Amino acid sequence: MTTTTPARTTARLDLKGLAPEVSAAMGELHRAAVRAARAAGVEPELLELVRIRASQLNGCAFCLDMHTKDARAQGETEQRIHTLAAWRETPFFTERERAALALTEAVTSVQDGHVPDEVYAAVREVFDEPQVAAVIWAAVVINAYNRTAISARMVPGAYQPAPRT
1 MTTTTPARTT
11 ARLDLKGLAP
21 EVSAAMGELH
31 RAAVRAARAA
41 GVEPELLELV
51 RIRASQLNGC
61 AFCLDMHTKD
71 ARAQGETEQR
81 IHTLAAWRET
91 PFFTERERAA
101 LALTEAVTSV
111 QDGHVPDEVY
121 AAVREVFDEP
131 QVAAVIWAAV
141 VINAYNRTAI
151 SARMVPGAYQ
161 PAPRT
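Sequential numbering from 1 applies to the sequence shown in UniProt numbering.
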């Protein structure tokens, strides 16, 4: 017999309310990373794949809820979202997306051998240096948000993407 823990309906603590300056700094870091990606020509849809994949690896339900909704709002398909955890086994992702996902996994799991040279070399074949930097920053920022949401036990479900303009 398997037992399950009921889903939490309240957060453990309100990190934003308890440390608003730190929360604001995290928000600015996110916005700066998005600006850098935009300036480098990294597609917003690719950034959502990065955010989803890191959140899958970290087991962050709050960020998975948010970024799968954002990805769908940007036109991402259900098929690609559902198979993202097994991206290596599918034909659904481009070479560029595969390189970014491999880099995201390496950045997220640095304890498993850091970022291997072969991962970096594959990324450099399809991204220029500013784009590589943008993907790394996107992975770093979502990893920080994953750790924040997991530690505070932020409750998924209420987030809705901003209307597209």
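C-beta atoms are modelled at their ideal positions from N, C-alpha and C, and glycine is treated no differently.
The structure presented is a predicted model; accordingly, all values stated were derived computationally and were not measured.
Taking the CA atoms as reference points, A102 sits about 20 angstroms from V34. The Cβ-Cβ distance between V126 and A106 does not fall below 8 angstroms. For A134, the CB contacts under 6 angstroms within the same chain, skipping 5 residues up- and downstream, are A36, A37, A40 and V42 in chain order. According to the DSSP assignment, H114 belongs to no alpha helix (DSSP H), since it is labelled neither H nor E.
Annotated as proximal: K69 and Q160, with beta-carbon spacing under 8 angstroms.
In the structure shown, V123 adopts helical secondary structure according to DSSP, grouped into three states. Straight-line measurement puts the Cα of T9 at about 31 angstroms from the Cα of W137. Listed in chain order, the alpha helix (DSSP H) runs fully inside the segment 55–104 are 61–73 and 78–83, counting runs of at least 4 residues. Residue R72 holds the alpha-carbon nearest to the alpha-carbon of P163 among E89, A24 and R72. Considering only A61, D14 and L47, the residue with the shortest C-alpha distance to H30 is L47. Between the C-alpha atoms of L84 and R53 there is a straight-line separation of about 7 angstroms. Restricting attention to L64, R51, N58 and V50, the CA atom closest to the CA of V155 is found in L64. Here Q131 carries a helix assignment [DSSP, helix/strand/coil]. R124 has its alpha-carbon roughly 10 angstroms from the corresponding atom of E118.
Secondary structure of V42 (DSSP, three-state): coil.
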